[in-house]
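Undergrad: So the sequence shown is numbered by full-length UniProt numbering: it starts at 305 and just counts up by one. Note that the Cβ used here is the ideal one computed from N, Cα and C, for glycine as well. I am attaching a structure below and will ask some questions about it afterwards.
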Amino acid sequence: EESKKIVLVEDESLPAATKSRINKITSLRSKRVRVAGWVHRLRQQKGIMFIVLRDGTGYLQAVLSGQTSQTYEALTLTIESSVELTGTLQELPEGKTAPGGHELVVDFWKVLGAAPGGDDAFNNRFNENSDPSVLAELRHFVLRGETASSVLRLRASLLVAFRTSLAEHNLLEVTPPCLVQTQVEGGATLFKLKYYGQDTFLTQSSQLYLETCLPSLGDVFCIQESFRAENSHTRRHLSEYTHLEAELAFINFDDLITHIEAIICETVDKLLADPESAALIKQLNPSFVAPSRPFMRLAYTDAIVWLNEHGIQHEAEDADGNVIKDAEENPTMVPHSIGDDIAEAAERRMTDIIGTPIFLYGFPAELKAFYMKKMPGTSEGEKTFTESCDLLMPGVGEIVGGSMRISDSAELVAGYRREGIDPAEYYWYADQRKYGTCEHGGYGLGVERFLAWLANRFTVRWPGRATP
Ligand code: 4AD
Numbered sequence: 305e306e307s308k309k310i311v312l313v314e315d316e317s318l319p320a321a322t323k324s325r326i327n328k329i330t331s332l333r334s335k336r337v338r339v340a341g342w343v344h345r346l347r348q349q350k351g352i353m354f355i356v357l358r359d360g361t362g363y364l365q366a367v368l369s370g371q372t373s374q375t376y377e378a379l380t381l382t383i384e385s386s387v388e389l390t391g392t393l394q395e396l397p398e399g400k401t402a403p404g405g406h407e408l409v410v411d412f413w414k415v416l417g418a419a420p421g422g423d424d425a426f427n428n429r430f431n432e433n434s435d436p437s438v439l440a441e442l443r444h445f446v447l448r449g450e451t452a453s454s455v456l457r458l459r460a461s462l463l464v465a466f467r468t469s470l471a472e473h474n475l476l477e478v479t480p481p482c483l484v485q486t487q488v489e490g491g492a493t494l495f496k497l498k499y500y501g502q503d504t505f506l507t508q509s510s511q512l513y514l515e516t517c518l519p520s521l522g523d524v525f526c527i528q529e530s531f532r533a534e535n536s537h538t539r540r541h542l543s544e545y546t547h548l549e550a551e552l553a554f555i556n557f558d559d560l561i562t563h564i565e566a567i568i569c570e571t572v573d574k575l576l577a578d579p580e581s582a583a584l585i586k587q588l589n590p591s592f593v594a595p596s597r598p599f600m601r602l603a604y605t606d607a608i609v610w611l612n613e614h615g616i617q618h619e620a621e622d623a624d625g626n627v628i629k630d631a632e633e634n635p636t637m638v639p640h641s642i643g644d645d646i647a648e649a650a651e652r653r654m655t656d657i658i659g660t661p662i663f664l665y666g667f668p669a670e671l672k673a674f675y676m677k678k679m680p681g682t683s684e685g686e687k688t689f690t691e692s693c694d695l696l697m698p699g700v701g702e703i704v705g706g707s708m709r710i711s712d713s714a715e716l717v718a719g720y721r722r723e724g725i726d727p728a729e730y731y732w733y734a735d736q737r738k739y740g741t742c743e744h745g746g747y748g749l750g751v752e753r754f755l756a757w758l759a760n761r762f763t764v765r766w767p768g769r770a771t772p
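And the structure:
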C-alpha cells in the first residue's frame, strides 16, 4: 500500500545526465548518464534491486536502492519491460564483476513499456529446452537472447569483413535484380510467378548478371538473397538464403581457387583480429581455429576412389531416380562410380573424416549447370569434366560452389541445348561471348552455411516455416 504512494521525481540539483548507448558508456565513468533499454535480468533482495539492462549494443548492470526500488513500478517490474535509467556510472571495486567493469547507481528511472507478468511473462513463454517448433514460433523472442543476438552480430561483422576483403582484391559491389526471367541452377528449384503476364522467377543466383558487369566494371561481387524451391529437407537447405557471389575476368581455374581461398582466409583473419568479433567467435565456438592454407584440393575422380576405399556407399536409384529398397524396405547401398552425384550424406562423411576444408573439383559436365567450362584434356572415355569446384567445410559440407564459365559462343549454345534452355531469353548472356569474350569465372558462397561453420551452429533452417 505504502509503495503505491511513492512517486519518483528527478532531483534537479544533480548534474545534467548525458544520454548514451551501453557500448559507448565507458568514457562517462563517474558521470551522470541516462540509458534506455530492456530488462534482461532482474534480481530483488532486501530493498535492493539489480537490473541487467540490454540496449542491443551491450549489457549494463544497474543497482536501485532506497526509494528507487520501492515504487509500485519497481515492485511489479518484469523481465523484458523497456525502461529508462538515470544515475551515476561507477567503476566496480576490485573483486566484483559486471559487463564493462562498471555499474549504474540509479537515482531516477521510469518504465517506458511494461511487459506482462504471470503466465504471460516472457520467461514463462519458452526456455532453451522448449520444443524446436515453439522456439521457431517464438523466434522474435528467441532473438532477444544472448546466443541468437550474438549470431546476428557475428553475421553483421562477417558481412563487413567479406566486403572489405573483396574490395581489397579490387572487386566492386553491385546490386543485381531479384525478379528475373532466366534460370541459373536448373528449373527444379525455381520459384515461379507471373509478372505482367510473363513467367518470372525469384533469382537462384546473380551469376549471369555479374558476368554481364565484367566488361563494364571489371571484377564484381554482390550480396543478394537467392531463392530455391528445394526438395532437399536437410539442415543446410534454405528456401531463401543470403548469397555472396563474385565474378572475375581474365583468370584461369587455378586463379579462381586461389582467390576463393584468399577471400575466406583473409575474412576469417579480419574477424579474429577485431576484438569484438573475436569475442563473439570465442563465445559461440570456443574451439574455433583459423584453417591453414593451402586448402586440400581433391579431384572429383579421386573423391570417388576415396569414398569406395572408405566403404562410403550411396542409395541405389532406378532409372526414374527412385531409391531402390530391399524386402525390409531398407535402401540398397551401392559403391560410388564415376558420374555419380556425390550425395550430401557421403560428402559430409568424407569432409568430417578428412577434417579440413576441401576444394572438390572437376565434376562431370552432366551433373553441372549449362554454363560451366570443360576441363581441357581430362576426358575419361566418353565423360567430360568441368572446371568447377565446391568448397567443403567440416561440420557443414559445401559452402561455396564455383566454376570457370564457357567463353565460346558455340559451346554455350550446346550447353543450352543439353539443359533444354531456350537461347532466345539468354540473348544478353550470349552477347557477352559475341562482343569481346574473355576467360572468366566466379563463385557463390552461402552466408548462412559459412556462419554455421564459423559459429558452430547445427542448422541453418526452420523446416517449412515462413512465420514470423
Ligand atoms: O552451388 P550453387 O548452386 O552455385 C550457384 O548458384 C552459382 N551460380 C554461384 C556462382 O558461381 N555465382 O550455390 C552456391 C552456394 C552453395 O555452395 C551453398 O553454400 C549456397 O550457395 N546454397 C544454399 N544455401 C542455403 N540453402 C540453399 N538451399 C542453398 N543452395 C545453395
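Using the Cα positions of SER581 and SER461, report the straight-line distance between them to the nearest angstrom.
TA: Straight-line Cα distance between these residues: approximately 7 Å.
Undergrad: Taking just the CA atoms, how far does ARG358 sit from LEU716?
TA: 56 Å
Undergrad: Let me check you understand the geometry: is the CB of GLN736 closer than 6 Å to at least one non-hydrogen atom of ligand 1?
TA: no
Undergrad: Could you spell out the range, first to last residue, of the beta strand (DSSP E) harbouring VAL524?
TA: 524-531
Undergrad: Note down, in chain order, each residue of its chain lying with its Cβ closer than 8 Å to the Cβ of TYR720, except the 5 sequence neighbours on either side.
TA: PHE674, ASP726, PRO727, TYR730
Undergrad: Is it true that the segment 654-665 meets the segment 625-633, where meeting means three or more beta-carbon pairs spaced less than 8 Å apart?
TA: Contact fails: fewer than three Cβ-Cβ distances are below 8 Å.
Undergrad: With a 10 Å radius around its C-beta and 16 neighbouring C-beta atoms as the bar for buried, classify GLN394 as buried or exposed.
TA: exposed
Undergrad: Taking its Cβ as the centre, do 16 or more other Cβ atoms sit within 10 Å of PHE642, making it buried, or is it exposed?
TA: Before going on, a small fix: residue 642 reads as Ile here, not Phe. Flag for ILE642 reads exposed.
Undergrad: Tell me which residue opens and which closes the beta strand (DSSP E) that VAL387 is part of.
TA: 386-395
Undergrad: Kindly list the residues whose CB is nearer than 8 Å to the CB of THR479, restricted to its own chain and excluding five residues on each side of it in sequence; keep chain order.
TA: CYS526, GLN528
Undergrad: Would the C-beta of VAL704 count as close to ligand 1, meaning under 6 Å from any of its heavy atoms?
TA: yes
Undergrad: For the segment 440-450 against the segment 479-498, are there 3 or more C-beta pairs whose distance is under 8 Å?
TA: no
Undergrad: For VAL572, which residues from the same chain have a beta carbon less than 7 Å from its beta carbon, with the 5 sequence-adjacent residues on both sides left out?
TA: Within the same chain, and ignoring the five residues on either side of VAL572 in sequence, the residues whose Cβ sits closer than 7 Å to its Cβ are ALA594.
Undergrad: Determine whether the beta carbon atoms of TRP342 and GLU384 lie at a separation below 7 Å.
TA: yes
Undergrad: With burial defined as no fewer than 16 other Cβ atoms inside 10 Å of the residue's Cβ, what is the status of VAL484: buried or exposed?
TA: buried
Undergrad: Please classify ALA756 as buried or exposed, where buried requires at least 16 neighbouring CB atoms within 10 angstroms.
TA: buried
Undergrad: Between GLY746 and ligand 1, is the CB less than 6 Å from at least one heavy atom?
TA: yes
Undergrad: Any heavy atom of ligand 1 within a distance shorter than 6 Å of the CB on SER692?
TA: With a cut-off of 6 Å, the C-beta of SER692 is classified as distant from ligand 1, since no heavy atom of the ligand falls inside that distance.
Undergrad: Which one of LEU396, VAL409, LEU346 has the shortest CA to CA distance from GLY370?
TA: Per the Cα distances, VAL409.
Undergrad: Is it right to say HIS407 is buried, meaning 16 or more other beta carbons lie within 10 angstroms of its own, or is it exposed?
TA: Per the sequence presented here, residue 407 reads as Glu, with His not at that position. Result: buried.
Undergrad: How many whole angstroms separate the CB atoms of ASN327 and THR372, which I take to be in contact at a CB cut-off of 8 Å?
TA: With 8 Å as the limit, ASN327 and THR372 do not qualify as a contact, their Cβ atoms being about 24 Å apart.
Undergrad: Report the partner residues of HIS744 according to the DSSP bridge assignment.
TA: DSSP output for HIS744 lists ALA553 as bridge partner(s).
Undergrad: Can you tell me where the beta strand (DSSP E) with LEU588 in it begins and where it stops?
TA: It is not in any beta strand (DSSP E) - LEU588 instead sits in the alpha helix (DSSP H) that spans 579-588.
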